[in-house]
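Visitor: The opening position of the sequence shown corresponds to residue 4 in my numbering, with each subsequent residue numbered one higher.
All C-beta atoms, glycine included, are put in the ideal place defined by N, C-alpha and C.
First the structure, which I've put down as structure tokens, then a few questions once you've had a look.
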Amino acid sequence: MSYIELDSMNFAEEVTKETKMPVLVDFWAPWCQPCMMLGPVIEELADELDGEVKVCKLNCDEENEYAIMMGIMSIPCLVLFVDGQEKERLVGLHTKEEIIDFINANK
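Next up, the structure:
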């Protein structure tokens, strides 16, 4: 698995301080059925986009302060960061192709 699990210890380093490539963060929770369906897609994207886009996952139950800080109201929520700043969000369950289009349109 080439995605990065985010927590309070690495969020800033992996997301807001990243300037070499875009960062896609999947805000999810284990009780969320659409999140669980999206999980394998995120894993595939992490492998396919390795070196182009950093793919991360943040469990909103375990790291709820970041979900609150980011204003996450619905999950799954994919947030794309460019140069450490939030660029765009994609909420809900989407296909791999839709997520790739979302990334390409915003990086």
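Can you name the start and end residues of the alpha helix (DSSP H) that Leu41 belongs to?
Guide: Start and end: Gln36 to Glu51.
Visitor: Would you mind working out which of Cys38, Thr22, Lys60 and Pro33 sits nearest Tyr6, comparing C-alpha positions?
Guide: Nearest C-alpha to Tyr6: Lys60.
Visitor: Which class does Asn13 belong to by DSSP, given the choice of helix, strand or coil?
Guide: Coil, per DSSP.
Visitor: Going straight from the alpha carbon of Ala108 to that of Lys23, what length do you get?
Guide: C-alpha separation (whole angstroms): 18 Å.
Visitor: For Arg92, which of Asp29, Glu16, Lys20 and Ser11 has the nearest alpha-carbon?
Guide: When only C-alpha atoms are compared, the closest one is Asp29.
Visitor: Residues in its own chain within less than 8 Å of Glu17 by CB, not counting five upstream and five downstream?
Guide: Closer than 8 Å at Cβ, skipping near neighbours: Ile7, Leu9, Val26, Lys57 and Cys59.
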